[in-house]
Amino acid sequence: MTEERPERPAEVDGTAHLFSALGKQIKVLRESASMSQRELGVAAHCGEDLISAMERGVRTPQPDFLVRADELLSAGGVLKAAVEDVREAQAKARTRHPDWFRDYARAEAEAVALHDYSNQAVPGLLQTEEYARAIFTQRRPLLDEETIEKRVADRLARQQIFERWPAPTFSYVLEEAVLQRPIGGRTVHEHQLRRLLRIGQLRTVELQVMPTDREEHPNMDGAFILLTPKGRQQVAYTEVQGYPRLITDPEEVRVVTERYGIIRSRALTPRESLALIEKTLGER
1 MTEERPERPA EVDGTAHLFS ALGKQIKVLR ESASMSQREL GVAAHCGEDL
51 ISAMERGVRT PQPDFLVRAD ELLSAGGVLK AAVEDVREAQ AKARTRHPDW
101 FRDYARAEAE AVALHDYSNQ AVPGLLQTEE YARAIFTQRR PLLDEETIEK
151 RVADRLARQQ IFERWPAPTF SYVLEEAVLQ RPIGGRTVHE HQLRRLLRIG
201 QLRTVELQVM PTDREEHPNM DGAFILLTPK GRQQVAYTEV QGYPRLITDP
251 EEVRVVTERY GIIRSRALTP RESLALIEKT LGER
């Protein structure tokens, strides 16, 4: 059986080359300034993994970052000069998603609130690059290397939503089994758990874990996402065996919303959830 979803379109508009070139410039400037990725991340108020991803061209340097980095790296305006090009490229990027995903991607990009229930794997917006690559590498039927890298880059690009301000409201509920499944191996698993800890400590994010020992559960129908696009009614998104569905019917959305509320009430609190993730890290 062939995979139903179409491939992500080729980026013929040149934006991928722009981001790759910017990443190389940032790396050269950083090394010339004798700064490590961690040091630049701390100075620019972002993570070391983000600096690494930008330098490899798989994450888009945000305009605010380019302005800060230009000063931190004494770039003399080289990075600032790319700000308008980046803004234009970001606008083009919103139209690159395949048809099956375009409606959801558009809603996600402009969301003022996003609520996610996941029962199999860490949600895409929370995944590390290595975890995402392991997910796509293990998928059956097997994907070719070019497709894997395109999908990883696309997933990481969507994570820029955490850098928006004013920020959307985020909440996540993960089944405990998601924390225990070592996708990609020990090191990838450890890095993923640490990313969950970092994301869970953001003021804009509520991260909860649903313990496996709960005797009652209101949703055995699979994972879902609730989105509230700016100026529009809340919608729900589900995806089963490669078949995506964007739910806009108010009654259907109400049912999913009701289930999510009950799930959150029976899950661990955010503080308890972060403690469980730390405990899981310690037991590895």
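The numbers in my numbering rise by one with no breaks, and the one at position 219 of the sequence shown is 219.
Quick reminder that beta carbons are idealized off the backbone N, C-alpha and C, glycines included.
For the pair T248 and Q192, the CB atoms are not nearer than the 7 Å cut-off. By the C-beta criterion, the region 171-182 is judged not to be in contact with the region 139-149, since fewer than 3 inter-stretch pairs fall below 8 Å. For A44, the secondary structure class from DSSP, reduced to helix, strand or coil, is coil. In this structure, DSSP gives T257 a helical state, which the three-state scheme calls helix.
For D144, the three-state secondary structure derived from DSSP is coil. Taking a 10 Å sphere around the C-beta of Y131, we find 16 or more other C-beta atoms and assign the residue as buried. Along the region 178-246, the beta strand (DSSP E) occurs as fully enclosed runs of 3 or more residues at 205-210, 224-229, 235-240, listed in sequence order. A direct Cα-Cα distance of roughly 20 Å separates A153 from Q37. In this structure, L276 sits away from I199, with a CB-CB distance that is not shorter than 7 Å. The way I'd put it, the region 45-62 does touch the region 13-30; three or more beta-carbon pairs between them come closer than 8 Å. S74 sits in coil when the DSSP states are folded into three classes, being neither helix nor strand.
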